[in-house]
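Numbering follows the numbering used here, with no gaps: position 46 of the sequence shown is 828. Below is one structure, written out as structure tokens; comments come after it.
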Amino acid sequence: MFVIDPSTSLRVLHEDDARELFLLTDDNREHLRRWLPWLDVVTREADTRAYLKATLKQRKEGRGPVFGILYDGALAGVIGFLPIDRVNRAGEIGYWLARERQGHGTMTLCCDFVVRYGFLTLDLNRVQIAAATENIQSRAIPERLGFKLEGIMRARENLYGRFVDHAVYALLRTEFDAAQK
Ligand SMILES: CC(C)(COP(=O)(O)OP(=O)(O)OC[C@H]1O[C@@H](n2cnc3c(N)ncnc32)[C@H](O)[C@@H]1OP(=O)(O)O)[C@@H](O)C(=O)NCCC(=O)NCCS
């Protein structure tokens, strides 16, 4: 468990979280469906359980953890690594927050922690964050954290039949180290 601020903490998600995470997902279906492509394949608790199993396998294989974001002890979102490229020591972070927890800087704080975890614990050389070009709220997070915009990947994501471009941001270990001074 990692304490982020007095009301927010992160902890690795386990299979036992399937029920709470599925209910949170279901409550936020419309909100999340706007920018995340997987809502239509998560229709039952078993689907969330299968996702959690996959994230635990990923972590065991040294390819990065996925954390639940707890707000006053209850799940409020998810942040973690897509499977890390160990050869190139490169990782990409993904995240989402429940609709009513937005607007307080929570994800920026959590993301700052996960970036630090990526460089200092996972020994990454490069951390990437990518968001649909029109997803202004998501893009604001790497921008606040000093990531550099590297370019636009065209048609990177299939949002229910609409292919959207992604703005790709990255922070390098040298840049992270320089910002600590
Ligand atoms: C992307 C997402 C996590 C962003 O959530 P968010 O609440 O805007 O991000 P934060 O928690 O960092 O909060 C930032 C907001 O809090 C405000 N804020 C208040 N105190 C703050 C602080 N100390 N530090 C930073 N921001 C603060 C900011 O001004 C900003 O509000 P604004 O958008 O009205 O300017 C959320 O919109 C979401 O889950 N969307 C759906 C899924 C998604 O798009 N995932 C990403 C796919 S790439």
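Glycine included, C-beta positions come from ideal geometry on N, C-alpha and C.
Next item on the list: Taking 8 Å as the cut-off, decide whether the C-beta atoms of residue 796 and residue 838 are in contact.
Entry: The answer is yes: Cβ separation under 8 Å.
Note to self: Between the alpha carbons of residue 891 and residue 833, how many angstroms are there, rounded?
What the structure shows: For residue 891 and residue 833, the gap between their C-alpha atoms comes out near 25 Å.
Item checked: Expected contact under 8 Å - CB spacing of residue 952 and residue 910 to nearest Å -> Indeed, because the Cβ distance is near 5 Å, the residues count as touching under 8 Å.
Margin query: By alpha-carbon positions, which one of 962, 942 and 828 ends up nearest to residue 927?
Written below: Taking residue 927 as reference, the option from 962, 942 and 828 with the minimal CA-CA separation is 962.
Check: Ordered along the chain, which non-local residues of its own chain (more than five positions away) have a Cβ less than 6 Å from that of residue 870?
Finding: In its own chain, leaving out the 5 sequence neighbours on each side, no residue places its CB closer than 6 Å to the CB of residue 870.
Next item on the list: Taking only the alpha-carbon atoms, compute the straight-line gap between residue 882 and residue 787 and give it to the nearest angstrom.
Entry: Between the C-alpha atoms of residue 882 and residue 787 there is a straight-line separation of about 18 Å.
Next item on the list: Tell me whether residue 922 is buried or exposed, calling it buried when 16 or more other Cβ atoms sit within 10 Å of its Cβ.
Entry: It counts as exposed.
Item checked: Close-in-space but distant-in-sequence residues of the same chain around residue 849 (CB under 8 Å, 5 per side omitted) -> 784, 792, 793, 794, 795, 860, 861, 862, 892 and 896, listed in sequence order.
Note to self: Restricting to Cα atoms, I'd like to know which of 944, 916, 959 and 957 is closest to residue 950.
What the structure shows: That would be 916, whose Cα lies nearest to the Cα of residue 950.
Note to self: For residue 824, count the other beta carbons within 10 Å of its own beta carbon; 16 or more makes it buried, fewer makes it exposed. Which is it?
What the structure shows: Buried is the call here.
Notebook entry, point to check: Of the residues 847, 817 and 907, which one's Cα is nearest the Cα of residue 958?
Noted result: Checking every option, the nearest Cα to that of residue 958 belongs to 907.
Item checked: Straight-line Cα distance separating residue 819 from residue 939 -> Cα to Cα, residue 939 sits roughly 7 Å from residue 819.
Check: Any heavy atom of ligand 1 closer than 7 Å to the CB of residue 917?
Finding: Distances taken from the Cβ of residue 917 to the heavy atoms of ligand 1 include one shorter than 7 Å.
Note to self: Could you tell me the alpha carbon to alpha carbon distance between residue 904 and residue 816, rounded to whole angstroms?
What the structure shows: One Cα belongs to residue 904, the other to residue 816, and the distance between them is close to 31 Å.
Next item on the list: Tell me whether residue 945 sits in a helix, a strand or coil according to DSSP, three-state version.
Entry: Three-state result, residue 945: strand.
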